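Colleague: First the structure, which I've put down as structure tokens, then a few questions once you've had a look.
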Amino acid sequence: TAEREQAIVSFKRLILLYSFPEVSPLPELANIQLAELAIEMDKSDDAKKQFEEMVQAYPDSVYGTYATASLAMMENRKTVATSLYKKIREAEPIDSRLLTRIDNQIKVLGGVQ
Numbered sequence: 005t006a007e008r009e010q011a012i013v014s015f016k017r018l019i020l021l022y023s024f025p026e027v028s029p030l031p032e033l034a035n036i037q038l039a040e041l042a043i044e045m046d047k048s049d050d051a052k053k054q055f056e057e058m059v060q061a062y063p064d065s066v067y068g069t070y071a072t073a074s075l076a077m078m079e080n081r082k083t084v085a086t087s088l089y090k091k092i093r094e095a096e097p098i099d100s101r102l103l104t105r106i107d108n109q110i111k112v113l114g115g116v117q
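Rendered as structure tokens:
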């Protein structure tokens, strides 16, 4: 839809203009939102590309791990995805918006929180 396309443009703009540590986790969450929008729009290749970019951009953070877990989930590697999501849950501190997404993914995978 036009609204989703506009949201994509807005998230890309946010990532481009605000990719500074001082505004973290806004760019990281925008990357996640872009991937989730792609999934909602049945554009799994775009979602995969977005998650792969996150792995490269945030290799040593919970956001890179979240992207790796999400890629595993897309590839139907549920055990790996569940393990990675649970690993992130144990990290401190963790943004509540990311925590909500992780809990939702664990529920989808049938794991316990």
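For the sequence shown, the working numbering assigns the number 5 to the initial residue and increments by one for each residue that follows.
The beta-carbon is built from N, C-alpha and C at its ideal position, and this holds for glycine as well.
In this text the structure is predicted, and so the values were computed from the model without any measurement.
Taking buried to mean at least 16 other C-beta atoms within 10 Å of its own C-beta, is VAL112 buried or exposed?
Modeller: Start at 1 with the first residue of the sequence shown, and residue 112 comes out as number 108. Answer is exposed; the Cβ neighbour count stays below 16.
Colleague: Do you know how far the Cα of MET58 is from the Cα of VAL27?
Modeller: Against the sequence shown, residue 27 aligns to sequence position 23. Against the sequence shown, residue 58 aligns to sequence position 54. Whole-angstrom Cα-Cα distance: 16 Å.
Colleague: Which of the three DSSP states, helix, strand or coil, is assigned to TYR22?
Modeller: Here the question's residue 22 lines up with position 18 in the sequence shown. In this structure, TYR22 counts as coil in the three-state DSSP scheme.
Colleague: Taking only runs that begin and end inside the segment 33-68, name each unbroken alpha helix (DSSP H) of 4 or more residues, in chain order.
Modeller: 48-61
Colleague: Can we say the segment 46-56 touches the segment 15-34, given the rule of at least three CB pairs closer than 8 Å?
Modeller: no
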